[in-house]
Amino acid sequence: MMDFGQVSLCKVVSTTKFGAFVDAGRERDVLLPFAEQTRRVAAGEEVLVALYTDKSGRACLTMNVYDYLSSDSPYKKDDRVKGRVYEISERFGAFVAVDDKYSGLIPAREVLPDIRIGRLIDARVTDVRPDGKLTLSAREKAYIQMEADAERVMEVLDAFDGVLPFNDSASPDVIKREFGMSKNAFKRAVGKLYKQHRILIEEASIRKI
191 MMDFGQVSLC
201 KVVSTTKFGA
211 FVDAGRERDV
221 LLPFAEQTRR
231 VAAGEEVLVA
241 LYTDKSGRAC
251 LTMNVYDYLS
261 SDSPYKKDDR
271 VKGRVYEISE
281 RFGAFVAVDD
291 KYSGLIPARE
301 VLPDIRIGRL
311 IDARVTDVRP
321 DGKLTLSARE
331 KAYIQMEADA
341 ERVMEVLDAF
351 DGVLPFNDSA
361 SPDVIKREFG
371 MSKNAFKRAV
381 GKLYKQHRIL
391 IEEASIRKI
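Numbering (the numbering used here) for the sequence shown: 191 to 399.
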């Protein structure tokens, strides 16, 4: 049985004009009101929710689980963890419930295009904040990630018939859109490819050799 204040992955049983009813392991299915949904849910899917009591004293669920997650995880810097993305903010990044229990955040600059709400991801702890919350990255350390990033650049080059219409001075937004990486990661990958004599960096383009 799910306790009040607990965060758990639960199955949506049905949807109504008031919200959704969810199997939280209690005697009756519990209402997940529309106002407590971070996105519209559908019957049959599993959602990460917390159990609380509303103003009238009824048991209800919320997908806004930030305040219910624990900050006393056993993890330290460079540990590998699994977590579920429960909210994405353009300003702050992707909020992750590590082990569906601990509070974690992938900063906005580290959010890859394939990270979406509800996805279970593998991540690396890059920092444990003074308040105990975890800063995460879905990427490897720079020297490990560089090889994969370099191959990603080559894949995109092939898609552009061997010539990118911009060089490593392109804006961070363009780089993130085309490659799913930060500008610094892109510059490291391009530098590696240049030293390997696999590309030419021209005034307004990058050309595959």
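Even glycine gets a Cβ: it sits at the ideal position worked out from N, Cα and C.
Under the three-state DSSP convention, the category residue i falls into
i	result
arginine 274	strand
glutamate 300	helix
proline 264	coil
leucine 383	helix
arginine 378	helix
lysine 398	strand
isoleucine 365	helix
aspartate 317	strand
aspartate 312	strand
Distance, residue j Cα to residue i Cα
i	j	result
tyrosine 242	valine 318	28 Å
aspartate 244	cysteine 250	6 Å
methionine 371	arginine 248	45 Å
isoleucine 307	serine 359	31 Å
glutamate 277	aspartate 312	16 Å
glutamine 227	threonine 252	6 Å
lysine 373	valine 343	12 Å
lysine 267	isoleucine 399	40 Å
serine 198	proline 297	24 Å
arginine 299	leucine 222	32 Å
arginine 230	isoleucine 391	46 Å
phenylalanine 381	alanine 287	In the sequence on display, residue 381 carries glycine and not phenylalanine. Using only the alpha carbons, I get a separation of about 35 Å.
glycine 294	leucine 324	4 Å
phenylalanine 211	alanine 375	44 Å
valine 315	lysine 291	15 Å
phenylalanine 285	asparagine 357	32 Å
aspartate 304	glutamine 386	29 Å
Contact under 8 Å by Cβ, residue i with residue j
i	j	result
alanine 232	tyrosine 258	no
phenylalanine 224	glycine 209	yes
alanine 328	leucine 302	yes
valine 202	valine 255	no
arginine 309	valine 275	yes
arginine 216	methionine 192	yes
aspartate 321	serine 263	no
alanine 379	alanine 349	no
glycine 352	arginine 388	no
Exposed unless 16 or more other CB atoms sit within 10 angstroms - verdict on residue i
i	result
arginine 281	exposed
alanine 394	exposed
glycine 283	buried
isoleucine 334	exposed
is_contact[residue i, chain C] using C-beta, thresh 8 Å
i	result
arginine 342	The structure shown contains no chain C, having only a single protein chain.
Jot down the residue ranges of each uninterrupted alpha helix (DSSP H) in the stretch 321–358, minimum 4 residues, whole runs only, in chain order. List check, alpha helix (DSSP H) in window: 332–349.
Which runs of the beta strand (DSSP E) at least 3 residues long sit entirely within the stretch 191–231? Give them in chain order. 197–205, 209–213 and 220–223, all fully within the stretch 191–231.
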